[in-house]
Amino acid sequence: MEEERELLAQAKDGDREAFWELASPSVDPIYRLALRLMRSEEDAEDVLQETFLKALDRIQDFEGKSRFNTWLHRIAVNQGLMKLRKRRSDVFSVDAPTTGQNGEERSYELVDFSESALDGVVEGETRDVLEKALAELPIDLRTVVVMRDINHLSNAETAQALELPIGAVKWRLHRGRTLLRDRLSSYFQERVGSQGGGES
36 MEEERELLAQ
46 AKDGDREAFW
56 ELASPSVDPI
66 YRLALRLMRS
76 EEDAEDVLQE
86 TFLKALDRIQ
96 DFEGKSRFNT
106 WLHRIAVNQG
116 LMKLRKRRSD
126 VFSVDAPTTG
136 QNGEERSYEL
146 VDFSESALDG
156 VVEGETRDVL
166 EKALAELPID
176 LRTVVVMRDI
186 NHLSNAETAQ
196 ALELPIGAVK
206 WRLHRGRTLL
216 RDRLSSYFQE
226 RVGSQGGGES
């Protein structure tokens, strides 16, 4: 943390090498987030580049109240949403309230739901199924799941990056993980059924 503060001070003094040393550990996590938000490698690369250029331009605005990585996640989400808004006008904003099935505004539940839907999913066909299920989540849920379960930000860091109450982050994470588990459960049941059907 002390090293980060020193690099930040140097970056604010105009030292670009210090900025990139500070920012470089976040390149892969920001790209993963952008890729799953945009669902396009080309757009994800654009968001990645725009995020770091924006951060470099606005480095004086960063007050150190959160981790630098958390601040970069916030910029990346904003850049991604701006690109999505240009693509379609009805894109969900991560700052918008979540509504229930009957259109009522949901009260955010403080849910302790620590087990990740991604646990045990490593590669191959199952990973492909998970990526497809993740891509089908609403963007508000998908953003939180990626930040928590793939980039391993804490609830507090995710809340800071998205400027949401921690309760909202927990509810969206709970809902997103539940939907992913449902998709994966259906997939495994179908696989077991097909394998069982092939036995003589």
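So the sequence shown is residues 36 to 235, counted in my numbering. For every residue, glycine included, the Cβ atom is placed at its ideal position computed from N, Cα and C. Quick caveat: nothing in here was measured; it's all calculated off a predicted structure.
Checklist entry - Can you give the Cα-Cα distance for residue 143 and residue 202, rounded to whole angstroms? => result At residue 143, the pLDDT of 32 sits below 50, so the modelled position is not reliable; the number obtained from the coordinates is stated separately. About 6 Å.
Checklist entry - In the structure shown, what three-state DSSP assignment does residue 73 receive? => result Shown here, residue 73 sits in a helix according to DSSP, grouped into three states.
Item to check | Same chain, Cβ closer than 6 Å to residue 218, five either side skipped, listed in chain order | outcome: Hits under 6 Å: 168.
Next on the checklist: For residue 165 and residue 111, which I take to be in contact (beta-carbon distance under 8 Å), what is that distance rounded to the nearest angstrom?
Outcome noted: No, residue 165 and residue 111 are not in contact; Cβ-Cβ is about 21 Å, not under 8 Å.
Next on the checklist: Quick check on residue 102: does DSSP put it in helix, strand or coil?
Outcome noted: It is coil, neither helix nor strand.
Next on the checklist: Rounded to the nearest angstrom, what separates residue 82 and residue 224 at their Cα positions?
Outcome noted: In this structure, the alpha-carbon of residue 82 lies about 37 Å from that of residue 224.
Checklist entry - Do the segment 72-79 and the segment 38-56 make contact, defined as three or more Cβ pairs closer than 8 Å? => result No, the segment 72-79 is not in contact with the segment 38-56.
Next on the checklist: Measuring only the C-alpha atoms, how far is residue 236 from residue 118?
Outcome noted: Because the chain spans 36 through 235 in this model, residue 236 falls outside it and cannot be assessed.
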